[in-house]
Amino acid sequence: MQGQISTAINNTQIIKDGQTILLKDDYNRTVATVDSMKSTIGSHTTQINTATGKINNVETKVNTVERDLNSITARVSSTETNITTIRDTANTALNKVDNVQTEITKTNNKVASIETNLSSITSRVSTVETTTVSINGKVNNLSTRMNSAEEKITDSAIIQTVSSQFYNKDQSNNIYTNKTEFEQTANKLTLLATSNKTNIIVNSNGDFGVDSWTIDGLEVRTKISHPNEILEGFQIINGLNSERFMYSSFFKLEPNTTYTFQINCNMVQGSVLNGFDVHVIGNNNDLYSIIENRRLGFHKVEFTTKGSVNEKYRIRIDHNGSSQYVGSVIGIDSIYMVKGRYQAVLDWKPSTADTSYLAISSNKIEAKVTSLNSRLGSAESTITQQANEIRSKVDANGAISIVTQRAGQIISDFSRTGEVMIKNGNFSIANRAGERMLWTDGGKIGVSAIDIYGDNDGTLTVRGNGNKGIDIRSNNDGTAYIDLAKNASDDYHMRIQLTRNHLDLLGQFIAPQFEFIGRDGWITYFNIHGNLAVSGSKSRMVQTKSFGRRCLNAVESADCLFTDSGESKTINNKSIIFIDPIFKETVNTNIPYQVFLTKYSKGEIWVSERYPDYFVVESDTEMSFSWKIEAKQLGFESTRLQIQ
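So the sequence shown is numbered by the numbering used here: it starts at 690 and just counts up by one.
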């Protein structure tokens, strides 16, 4: 058979002493073709007579090897392997395991590396140590520490960074980090030190409105509700003459621990009684009264907790009320509460981070300290400059401000709308003798004299949000006045003058005439809440068609009387006239009032009955008539011919 070799093994015969002994092979075969080779060993049984020994049974399980041009296939029914040592090396390995159970009793990793290339040298040293006590669906104790130091040298800079961080379960709401960084470039040297401490009071500056605060009887405004009026903090308004409150969210205090609390009052308007208070209150009314009856300015206090403290505390800010039934406003900001003692004023920041910064470059030195604590209560920096002109410039997003100082002049220049602000301090301008001419004191402006000059018009404008006013006061009960339309000789044409309880409108030369005219001739209302007394006539000016403006004089009476009138007709010789309900609420009809009748036909007519709500008119025959009622003004029933 061409291209194929077949070999068959038949039963083996052994002849001894004339006897034939057979060795039976059930099936052993080797098949070889051009494209494959196949060997099969089936079951093998051997029997040997007792002369040479006896083997009862020999069993061979199937072992198959198939080999062709494409592959070699081996099948083994059972394999057991014991290996003492295995060492594997592979350039590429791909393993897939459905289920792996691994137990590691301890892991300790340490890494130290130095990287060098053409442009930089980087050194890193780190230590990571992790200890796990038990993992069974929960973590009973997990402690992680990480220390790292990094130094980086490049062709443009040298950077050294040392940082540390510590965090555990009890500090989840009070993370503390430190970082110091030193950077040196070709033209600049920078040293940066930062630390982080957390403000205990949530939303302490009103950045999120009144979120996290509970309001009790107050109107509270923030930059969220009034973005054009409030830059930061809260404006609390109390319309009552008793104290009302606002509460922060709850926080935890530690026993026998000192805390620092700070609050800034930036505004007091209206008739505030006793300023405001601040208390720290526990959930069972455990109380620390830290600030009482305060007004404008920064207020910073320290308090120490007791040996046993509750789990939950919050601060309560009290607006102590108004002396009148009108709203009184207290503005507060920079609410800060931290653990420990801080001698300097705390600078509020959303990040609650403290930073120390020093930078030296080719043309400037920058130094910055955001807050100071512990025994360090101040930072001092002295720079001496000698030049004909000193100029500082700040440029942010195209908005530029420049301050220029010369020997006799200081100029502030802004590319856009800007302002010069002195915060939490006073401002004064003095003459050559050192006498103050213009100054501020606690939010008030003081002047020794003020003149408004202008080539064209001079105008004093008081403008802003909320209540505004001009206060002209004489502390020794002298006369306070405003002169209008003065001439070159300082003679006034008109004067508004206040002497004790009298407000006088005076004309210097002739009898003055006052007119109140609305814009474009619109109707103008002149309201007087009180009494009006005139020595001349009281008249109403009316524009006539043919005779111009004429005055109609008022009817005067010894009592304060109001009158109403109308027409009616008697039916079946009787008519009931109901008093107008609006008119009735302006007068007192529970006391006698007068009714006057005018008849329009022959016969008799009279008022037969008077009641608070109506009166009755009767006649001897049906007729038309008019009536007029006069009644005393409600609340002024006894006012009569009073002395001026």
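Idealized CB from N, CA, C, for every residue including glycine.
#### Entry: Inter-residue spacing [alpha-carbon to alpha-carbon] between glutamate 981 and valine 967
6 Å
### Task
Count the other CB atoms, across all protein chains shown, that sit within 10 Å of the CB of phenylalanine 1304; report buried if there are 16 or more and exposed otherwise.
buried
### Query
Terminal residues of the continuous alpha helix (DSSP H) containing lysine 912?
It is not in any alpha helix (DSSP H) - lysine 912 carries neither H nor E in the DSSP assignment.
### Task
Taking only heavy atoms of the ligand GTP into account, decide whether any of them is closer than 7 Å to the Cβ of glutamine 958.
For the ligand GTP, the structure offers nothing, since it holds no ligand at all.
#### Entry: Between the CA atoms of glycine 895 and isoleucine 913 - distance to the nearest angstrom
8 Å
### Task
Could you check what DSSP says for lysine 1258 in three-state terms: helix, strand or coil?
strand
### Message
Residues in the same chain with beta-carbon distance under 6 Å from glycine 1324, minus the five sequence neighbours each way, listed in chain order, please.
### Response
none
### Task
Classify lysine 1001 as helix, strand or coil using the three-state DSSP reduction.
coil
### Task
Use the C-beta contact count for lysine 1263: other C-beta atoms within 10 angstroms, 16 or more gives buried, fewer gives exposed.
exposed
### Message
Let me check one thing: in DSSP terms, what residues is methionine 1230 bridge-paired to?
### Response
Cys1240
### Message
Could you check whether the segment 997–1005 touches the segment 919–928, counting it as contact only if at least three pairs of C-beta atoms, one from each stretch, sit closer than 8 Å?
### Response
no
### Task
Report the rounded CA-to-CA distance for isoleucine 1134 versus asparagine 1165, giving the unit in angstroms.
19 Å
### Task
Return the CA-CA distance between isoleucine 1021 and glutamine 924, expressed in angstroms with no decimal places.
6 Å
### Message
Am I right that glycine 1029 and glutamate 932 are in contact with their C-beta atoms under 8 Å? What's the rounded C-beta distance?
### Response
About 31 Å separates the two Cβ atoms, so there is no contact after all.
### Message
Using only the alpha-carbon positions, how far apart do glutamine 1283 and isoleucine 1217 sit?
### Response
28 Å
### Query
Helix, strand or coil: how does DSSP classify lysine 1273 here?
helix
### Query
Taking the alpha-carbon positions, what's the aspartate 900 to valine 891 distance?
9 Å
#### Entry: Reference leucine 985; option with closest CA among Gln958, Ser997, Val998, Asn973
Gln958
### Query
Is the segment 1225–1243 close to the segment 1283–1300, with three or more CB pairs under 8 Å?
no
### Task
Give the secondary structure of threonine 1121 by DSSP, where H, G and I count as helix, E and B as strand, and everything else as coil.
Threonine is not the amino acid found at residue 1121; the sequence shown has arginine there. The answer is coil: DSSP assigns arginine 1121 none of H, G, I, E or B.
### Task
Measure from the alpha carbon of serine 937 to the alpha carbon of each residue in Val969, Thr911, Leu962, Gly964, then state which is nearest.
Val969
### Message
Just to confirm my understanding: we take asparagine 945, look at its own chain, exclude 5 residues before and 5 after, and list those with CB closer than 6 Å. What are they?
### Response
Gly996
### Task
May I ask you to list the residues that DSSP assigns as paired with aspartate 905?
Phe934
### Query
Distance, Cα to Cα, glycine 1107 vs glycine 898?
26 Å
### Query
Who pairs with threonine 949 in a beta bridge, going by DSSP?
Glu991, Val1027
### Query
Using CA coordinates, which residue listed in Ser1104, Gln1098, Arg1095 is at the minimum distance from alanine 1085?
Ser1104
#### Entry: C-alpha gap between glutamate 1319 and leucine 1250, whole angstroms
6 Å
### Query
Thinking C-alpha only, which one of Gly1158, Ile1161, Thr1188 is nearest threonine 1168?
Thr1188
### Query
Taking the continuous beta strand (DSSP E) assigned at serine 967, which residues delimit it?
The identity of residue 967 in the sequence shown is valine, whereas the question assumes serine. Where valine 967 is concerned, the enclosing beta strand (DSSP E) stretches over 965–971.
### Query
When we look at the beta-carbon of tryptophan 1295 and count the other beta-carbons within 10 Å, is it buried (16 or more) or exposed?
exposed
### Message
Taking the alpha carbon of serine 1308 as the reference point, which residue from Glu1274, Asn1277, Ser1257, Pro1270 has its own alpha carbon closest?
### Response
Ser1257
### Message
My output table needs one value for valine 1223: the three-state DSSP class, helix, strand or coil.
### Response
coil
### Message
Less than 8 Å between the beta carbons of aspartate 1302 and isoleucine 1260, yes or no?
### Response
no
### Task
Would you list the one or two residues that DSSP bridges to phenylalanine 1304?
Ile1266, Arg1299
### Message
DSSP three-state label for asparagine 1115, please.
### Response
coil
### Query
Which residues bound the beta strand (DSSP E) around histidine 1191?
1191–1196
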